[in-house]
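Scroll down for the structure; my scribbles are underneath it.
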Amino acid sequence: MGPRAVMVYIDGRLEWRPDPYEVRHGDPSFTWPGGSVWCVSQRRRWDISGVRMLEVTLEAPEGEVVIGLFHQTGSSPPFLREARNDPRT
């Protein structure tokens, strides 16, 4: 399992807010403008404990990252509504 955090899409920005344990171990917060993040792929699946999740591969300015979204609430941000929405291609 990777670092735990809350991802928030608000006012056109994607924010990664690590939980207190991760902050104590040096993980920083990140903020990206919504237009600088693209969804490469996404897949709904069950995690090892049987919880439903969305596995998403994002391309951010720092590179590609795979994240697991658990307990998603509200509407999806524009870049997650469909995979392979990279305007550069």
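Residue numbers (the working numbering): 1283 to 1371.
Using N, Cα and C, we set each Cβ at its ideal position, and we do this for glycine too.
Where does residue i fall in DSSP's three states?
| i | result |
| --- | --- |
| Pro1315 | strand |
| Val1347 | strand |
| Arg1306 | helix |
| Pro1300 | strand |
| Thr1371 | The predicted model places Thr1371 with a pLDDT of 46, which falls under 50 and marks its position as unreliable; any figure quoted below should be read in that light. Thr1371 falls in the coil class under three-state DSSP. |
Looking only at its own chain, which residues have a Cβ that is under 7 Å from the Cβ of residue i, when we skip the five neighbours before and after it?
| i | result |
| --- | --- |
| Pro1315 | Gly1294, Arg1295 |
| Val1333 | Phe1352 |
| Pro1360 | Gly1316 |
Using 8 Å as the threshold, is the C-beta distance between residue i and residue j below it?
| i | j | result |
| --- | --- | --- |
| Leu1336 | Val1322 | no |
| Pro1300 | Asp1309 | yes |
| Val1338 | Gln1324 | yes |
Quick one: what's got a C-beta closer than 6 Å to residue i's C-beta in the same chain, skipping five residues either side?
| i | result |
| --- | --- |
| Phe1312 | Trp1298 |
| Val1290 | Glu1297 |
Near residue i, which residues of its chain fall below 8 Å by C-beta distance, leaving aside the five closest residues on each side in sequence?
| i | result |
| --- | --- |
| Ser1318 | Ala1342, Pro1343 |
In the DSSP assignment, find the unbroken beta strand (DSSP E) run with residue i in it and report its ends.
| i | result |
| --- | --- |
| Thr1355 | Segment: none, Thr1355 is in no beta strand (DSSP E) and carries neither H nor E. |
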